[in-house]
Each structure stands twice: as structure tokens, then as C-alpha cells.
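First to last, the protein sequences are chains A and B.
First residue of the first sequence: 216, per the numbering used here; consecutive thereafter.
First residue of the second sequence: 216, per the numbering used here; consecutive thereafter.
There are 2 protein chains.
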Amino acid sequence: MEQATASRREQILEAALRLIGRSGRSAVTHRAVAEEAGVPLGSTTYYFDSRDDLLRQALEHVAASEVERYRRRGEELRSVRSARELADRLTDDLVAAARDRVAYIAEYELWLEAGQRPELREAAQTWCDAEQRSVAGAMEALGSSDPAKDASLVVAAIDGLGERALAREDDPAKAAEEFRPELHRLIERLVG
Amino acid sequence: MEQATASRREQILEAALRLIGRSGRSAVTHRAVAEEAGVPLGSTTYYFDSRDDLLRQALEHVAASEVERYRRRGEELRSVRSARELADRLTDDLVAAARDRVAYIAEYELWLEAGQRPELREAAQTWCDAEQRSVAGAMEALGSSDPAKDASLVVAAIDGLGERALAREDDPAKAAEEFRPELHRLIERLVG
DNA sequence: CGGCCGTCTGTACATTTGTACAGGAATGTG
DNA sequence: CACATTCCTGTACAAATGTACAGACGGCCG
Numbered sequence: 216m217e218q219a220t221a222s223r224r225e226q227i228l229e230a231a232l233r234l235i236g237r238s239g240r241s242a243v244t245h246r247a248v249a250e251e252a253g254v255p256l257g258s259t260t261y262y263f264d265s266r267d268d269l270l271r272q273a274l275e276h277v278a279a280s281e282v283e284r285y286r287r288r289g290e291e292l293r294s295v296r297s298a299r300e301l302a303d304r305l306t307d308d309l310v311a312a313a314r315d316r317v318a319y320i321a322e323y324e325l326w327l328e329a330g331q332r333p334e335l336r337e338a339a340q341t342w343c344d345a346e347q348r349s350v351a352g353a354m355e356a357l358g359s360s361d362p363a364k365d366a367s368l369v370v371a372a373i374d375g376l377g378e379r380a381l382a383r384e385d386d387p388a389k390a391a392e393e394f395r396p397e398l399h400r401l402i403e404r405l406v407g
Numbered sequence: 216m217e218q219a220t221a222s223r224r225e226q227i228l229e230a231a232l233r234l235i236g237r238s239g240r241s242a243v244t245h246r247a248v249a250e251e252a253g254v255p256l257g258s259t260t261y262y263f264d265s266r267d268d269l270l271r272q273a274l275e276h277v278a279a280s281e282v283e284r285y286r287r288r289g290e291e292l293r294s295v296r297s298a299r300e301l302a303d304r305l306t307d308d309l310v311a312a313a314r315d316r317v318a319y320i321a322e323y324e325l326w327l328e329a330g331q332r333p334e335l336r337e338a339a340q341t342w343c344d345a346e347q348r349s350v351a352g353a354m355e356a357l358g359s360s361d362p363a364k365d366a367s368l369v370v371a372a373i374d375g376l377g378e379r380a381l382a383r384e385d386d387p388a389k390a391a392e393e394f395r396p397e398l399h400r401l402i403e404r405l406v407g
């Protein structure tokens, strides 16, 4: 039954991610994760070699699922017809991400962890590339002269803006909403 | 002797920041900070009420010094004559930041900590505003139609790009260097 | 049935950590 | 000089943490 095994493992990984989203990577302790996942303490040490291993796999896990999400999102974004439409969709995504902070905070925690741990750089890289690719298709559809580079800029701006939204936790979704005209201006200028 | 007191306090705060830059916020323990600062364990509990207090003050301390740095840098940037010149200066700053990671990583750790701790949001806000203002003056000098908003975009892009550079620690400065043409393109498009 | 094996869990233990606090050293004050 | 006050540090201890591991449980084969 690797099915059951996999779901149990994932149950633990996702509990770890919820903790990261709520209280940062330092909150990932065997005991806290076990409690959050509703499994006994022994489970976390059974499925993962060490605390570091658990943290690493949790970040790789969220990276993998975000890559998949961007792949699907990339397909949809190829159909945009105007800078405004793309800006709207990207802002909607950002607002949604800000609303359900877990994955979004995990992304930033992953960057920082990757800064000190080479094993995580590949995951960070893959995540970043997927995000960029999902936007590049849309930039191409809008007639950008260099879709890859423009997408790189748009994604960098989104990440930077998202960061700011997170730090205004009173209402990060509202903060994200305010970036709509900014993103519009950026995309318009790049493809115009 | 508040002079001596201040320097001792700062000695501890800066040791904490070096630890953050090297191993993240979770590395800030009384013992690790004391050892890094070369002071006895009792000192850290004497100058700071608790571990949380120490972490908070360390982040506020680096925020304050970065605000000051941006204020000075803002003056200099007002004299730029072209998009290329501004892009060059901003890239140089980014390369320098990536080279000496501590303050740069601290910035991101501050964002994340501010996401969960309201007391830190003001510092994050102030830092962000200072960074934006330092660029806004230059955008104005270049004839931007909306310097504040353009600066907001440029700063967001820089922060997003910087994040990426950090995750490629093999040589973050080299990664930052590669953003030079991207920044140039962005600024040119915005003010053009 | 008995034996075997992989899955899983409760417990135990050495470390690490936050923090309180008694008292030492230094400095000022009469 | 005695004394008070403030600054500082070593030590102690409870709590939290990482991790090893003995053994329970459940299926499966002979």
C-alpha cells in the first residue's frame, strides 16, 4: 500500500507547510508537525531522517505542486488578448495567493533557505522558471519582442510586490489588489 | 556612559544580524549571539528582555541603518542623466548587496517576520518607503510622468530579482550582474 | 498454526534553549 | 573612607527539542 504511505507522508509534509505559513520555518519541529498533522511523534522520525530532511522535503513538496499549478496556469494565460487582461489575471492570482498565505510565505522561506542550503537551490530554480514560463507565453501572445526577458521582469515585480503585501498582514489581499494598476502599467509599457 | 552601553548593545545586535545573514532568524539564540558577539551569555539577557525582543530589535536596527543609507543614496541618484546611468547604479548597488549578503538576507527575513508580527510592520514599511523614495528622485530627474509609481515598480523588480540572486548562492554577485540589461530595459520603458 | 517482516508508535535520554537571579565589579556620592 | 547604585556576568534549572530504539501490530508465507 504505497498509496496509504504516500498520503501519510503528504499529510505530514502539508502540516509542516501550514506551520511554515503560520510561524516560519523555525516552527517546524518534530513535535509541532506531529501534532498539527494529528500523528504520533514517532511518525515524523520514521518518515524523515531528521528535522532538516523534513523541512527540505516540505519545501520541495510545495515547490513541486506550485510548478504544476504554474504549468496549468500558463496554458490559460496564453489566451490573453490585452495588457489589461493579463494584468487583471495576474493580480487576481496575487490576491488569491495573499489571501491563502501558506504557499506564498513558503515561497519566500524557500528562497532564504536555498540561500544557505545548496540542496534546495534546484527546487527554487524550478519554481522560479515555472513561474516565468507561465507568464512568458502570455507576453508572447501580446507581441513582446523578448517574451522571456519581459516575463522575467514581470515576475520579479510580482514577487517584489507580493513581498510587500505580506508585510501588511492587516489585509494582504487588499494590499495586493492595489497593485492592479501598477502591473497594468508595467505590462503595457513592456509590450507597447 | 551611554556611549559604551550603546556600542555594547550594537555589538550584540550586529552579531545577531551576522547570524541571520549566515543561518536565518532561527539561528538567533541567546547563546549563539553571545558567542558571535564575544560577550558572556548574561549580556544578551541583560540588554534584551527576551529572544523575541532581541530578534525584533536586530531587525529594526538593520532597517534603520538601511533607511539612512537609502536617504544618502537618494541624493546621489538625483543626478542621473539617463536610463542607462540609473540602471548601472542600481545594478552596482544590487551586486554590492549580493556580495555582502547579511543586510540583504536580513531584509527578506524582516519581511517574513513582519508577516506574522505586527510590531515589525512599521520597520518594514519604513525600509520599503525609503528604498522607493531613493529611486523616485531619479525617476523624476529622468522625466517620469509618475515618479512614485514608477519607482515602486522598479524597486519591486529589484527586490524580486535580488531574491533570485540570493537563491543562486554559488555566486550571487554574478547573478545580480546579469540583471543589468533587464533593469535598463525596464527603466527605459517606464520613462521613455 | 508459527515464524517472519515491514510498518508504525510510545518512551527514554542527551542536548539545547530561554530565562531568572544571586552576587561581583565598577562607579559615583556623602 | 563607607555606602549606594548601576552595570554586568556566571550559574542554575525547567522546558523544549532531536533522535534512537525496543517492541507492538498486522499481514503473509510455509
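Where is the CB? At the ideal position from N, CA and C, for every residue including glycine.
Taking all protein chains in view, the Cβ of glutamate 378 of chain A is crowded by 16 or more other Cβ atoms within 10 Å, so the residue is classified as buried. Straight through space, the alpha carbons of tyrosine 262 of chain B and glutamate 250 of chain A are spaced by roughly 35 Å.
When C-alpha distances from aspartate 386 of chain B are compared across B/Arg287, B/Arg296, B/Arg314 and B/Ala339, the shortest belongs to B/Arg314.
In this structure, alanine 371 of chain A lies near alanine 372 of chain B, with their beta-carbon atoms less than 7 Å apart.
Residue environment: leucine 256 of chain B is assigned as exposed (fewer than 16 neighbouring CB atoms within 10 Å of its CB, all protein chains considered). In this structure arginine 286 of chain B is exposed. Its beta-carbon is surrounded by fewer than 16 other beta-carbon atoms within 10 angstroms. The alpha-carbon separation between alanine 363 of chain B and serine 294 of chain B amounts to approximately 17 Å. Here arginine 271 of chain A is buried: its Cβ has 16 or more other Cβ atoms, across all protein chains shown, within 10 Å. At a cut-off of 7 Å, the C-beta of tyrosine 285 of chain A has no neighbouring C-beta in chain B. Annotation note: the stretch 369-406 of chain A contains the following uninterrupted alpha helix (DSSP H) runs of length 4 or greater, listed N- to C-terminal: 387-392 and 395-406. Between aspartate 374 of chain A and glycine 375 of chain B a beta carbon distance of about 4 Å is seen, short of the 8 Å cut, so the two are scored as contacting.
Proximity to glutamate 355 of chain A across A/Arg296, A/Glu328 and A/Leu309 peaks at A/Arg296, based on C-alpha coordinates. Pairing glutamate 337 of chain A with alanine 242 of chain B, the inter-Cα distance amounts to about 24 Å. In the DSSP assignment, threonine 260 of chain A falls within the unbroken alpha helix (DSSP H) covering 256-262. A residue is called buried once 16 or more other Cβ atoms fall within 10 Å of its Cβ, and alanine 321 of chain A is buried on that count. Under the Cβ distance rule, glutamate 392 of chain A does not count among the residues neighbouring chain B, no pair being separated by less than 7 Å. Beta-carbon to beta-carbon, arginine 233 of chain A and valine 317 of chain A are separated by about 6 Å, close enough to satisfy the 8 Å threshold. Interface with chain B (7 Å Cβ-Cβ cutoff): alanine 382 of chain A is included. Counting only Cβ-Cβ distances below 8 Å, tyrosine 323 of chain B has contacts in chain A at Tyr323, Trp326, Leu327 and Glu378, in chain order. Residue state for valine 277 of chain B is assigned as helix, using DSSP reduced to three classes. Put simply, the backbone Cα of alanine 382 of chain B is about 31 Å away from that of threonine 259 of chain B. Using a Cβ-Cβ cut-off of 9 Å, glutamine 331 of chain B is close to Arg237, Ser238, Gly239, Ile320 and Glu384 of chain A, given in chain order. Here glycine 289 of chain A carries a helix assignment [DSSP, helix/strand/coil]. Under a 10 Å Cβ-count criterion, arginine 240 of chain A is classified as buried, with 16 or more other Cβ atoms of the shown protein chains found around its own Cβ.
For leucine 309 of chain B, the enclosing alpha helix (DSSP H) has its first and last residue at 298-314. Contact residues of the stretch 250-274 of chain A toward chain B are absent (C-beta to C-beta distance below 8 Å). Look at alanine 339 of chain B: its C-beta is under 7 Å from a C-beta on chain A.
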